[in-house]
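Participant:
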Amino acid sequence: MRRTIAALILAGLFGTAGAQTVQIDVAENSVQVSNVLLRGLDTLNGTAQDIRLRVGDTVRFGHLEVTADTCRVPAADPSADAYAFLRIRDIREEAMRFSGWMFASSPALSALDHPRYDVWVLSCSNS
Numbered sequence: 161m162r163r164t165i166a167a168l169i170l171a172g173l174f175g176t177a178g179a180q181t182v183q184i185d186v187a188e189n190s191v192q193v194s195n196v197l198l199r200g201l202d203t204l205n206g207t208a209q210d211i212r213l214r215v216g217d218t219v220r221f222g223h224l225e226v227t228a229d230t231c232r233v234p235a236a237d238p239s240a241d242a243y244a245f246l247r248i249r250d251i252r253e254e255a256m257r258f259s260g261w262m263f264a265s266s267p268a269l270s271a272l273d274h275p276r277y278d279v280w281v282l283s284c285s286n287s
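Just so we're aligned, residue 161 is where the sequence shown starts under our numbering, counting upward by one.
1. Taking 8 angstroms as the cut-off, decide whether the C-beta atoms of L282 and R199 are in contact.
2. Taking the Cβ atom as the reference point for each residue, do V226 and V215 lie within a distance shorter than 8 angstroms?
3. Distance, Cα to Cα, V182 vs Y243?
4. Would you mind working out which of L213, A208, I251 sits nearest C231, comparing C-alpha positions?
5. Using three-state DSSP, classify D273 as helix, strand or coil.
6. What is the DSSP secondary structure of N286, reduced to helix, strand or coil?
7. Could you check which residue in I248, M262, P275 has the C-alpha nearest to that of M256?
8. On the criterion of 16 or more Cβ atoms from any shown chain inside 10 Å, does D250 qualify as buried, or is it exposed?
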């Protein structure tokens, strides 16, 4: 299956007129792996926790349910970067809080918008 990621870069700095769309071909330049390592931060009490899950699984972090749909690494250098397609929902709300790609090397590029919790990708692996 071929997936394409579109990311708006510098839109916040220059408005929509200065935004650039970057296309990344996920299928050709990366490999899918089975495990995802995330880090969750509870900003209310200042504690961070590593969250390990298998692709396809859902875990609970505080009031969040985090589902990893896929996790990929570059085919040429698997230790270079990781990116995962995540769905994150606050169990107290109906609407999804986040659904999209998160990048280990650029956590602010596509981030969870939640008043209490922060979640980002650390790595992907097969072990």
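Glycine residues also receive a C-beta, built at the ideal position from the N, C-alpha and C atoms. Just so we're clear, the structure is a prediction, and the values are computed from it rather than from any experiment.
Facilitator: The answer reads as follows:
1. Here residue 282 is taken as the residue at index 122 of the sequence shown, counted from 1. Here residue 199 is taken as the residue at index 39 of the sequence shown, counted from 1. It is a contact, given that the beta carbons lie within the stated cut-off.
2. To locate residue 226, count along the sequence shown from 1; it is residue 66. To locate residue 215, count along the sequence shown from 1; it is residue 55. No, the Cβ-Cβ distance between V226 and V215 is not below 8 angstroms.
3. On the sequence shown, residue 182 is found 22 positions in, with the first residue counted as 1. On the sequence shown, residue 243 is found 83 positions in, with the first residue counted as 1. For V182, the pLDDT reaches just 45, beneath the cut-off of 50, and the residue's location in the model is therefore unreliable, although a value from the coordinates is still provided. Cα-Cα distance, rounded: 15 angstroms.
4. Translated into the one-based positions of the sequence shown, residue 231 becomes position 71. It is L213.
5. Your numbering for residue 273 matches position 113 in the sequence shown. Coil, per DSSP.
6. Working through the sequence shown from its first residue, we reach residue 286 at position 126. DSSP places N286 in coil when its eight states are reduced to three.
7. Taking the sequence shown and counting its residues from 1, one reaches residue 256 at position 96. The shortest C-alpha separation from M256 is found at I248.
8. Taking the sequence shown and counting its residues from 1, the one referred to as residue 250 is at position 90. Label assigned to D250: buried.
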